[in-house]
Amino acid sequence: MVNLAGDGVVGNVEAGYDTEAKKIMTANRARVIEARNSYRKALDLLRETVEKPKVSPVSAEDQMNTLERKLAECDVVLRR
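The sequence shown begins at 1 in our numbering and counts up by one.
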């Protein structure tokens, strides 16, 4: 199961991976894809906000780094 509320801003995608089967179960895969889409949307919106001088790049940097890391985690899980 993907927990979107964990880790402060974003959650843990590893929970969707079945270690015994070494794959993402169908229901879990859909949830990882859903989580990935949410991370992508959040990152795009945050970048847009920074580009339109509503938020300074410095204040958004940590959030952007976290979202990029979570997107990469989703991609790793989806490639398994």
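All C-beta atoms in this analysis are idealised placements derived from N, C-alpha and C, irrespective of residue type, glycine included.
Relative to the C-alpha of Leu43, which residue among Glu73, Glu68, Leu78, Arg79 is closest? Cα-wise, what sits closest to Leu43 is Glu68.
Report the residue from Leu71, Val77, Arg79 whose alpha carbon sits nearest the alpha carbon of Arg36. Of all alpha-carbon atoms in Leu71, Val77, Arg79, the one lying nearest the alpha-carbon of Arg36 is that of Leu71.
Would you call Arg31 buried or exposed, if buried means 16 or more other Cβ atoms sit within 10 Å of its Cβ? Classification for Arg31: buried.
Simplified DSSP state of Arg31, which is helix, strand or coil: In the structure shown, Arg31 sits in a helix (DSSP, three-state: H, G or I).
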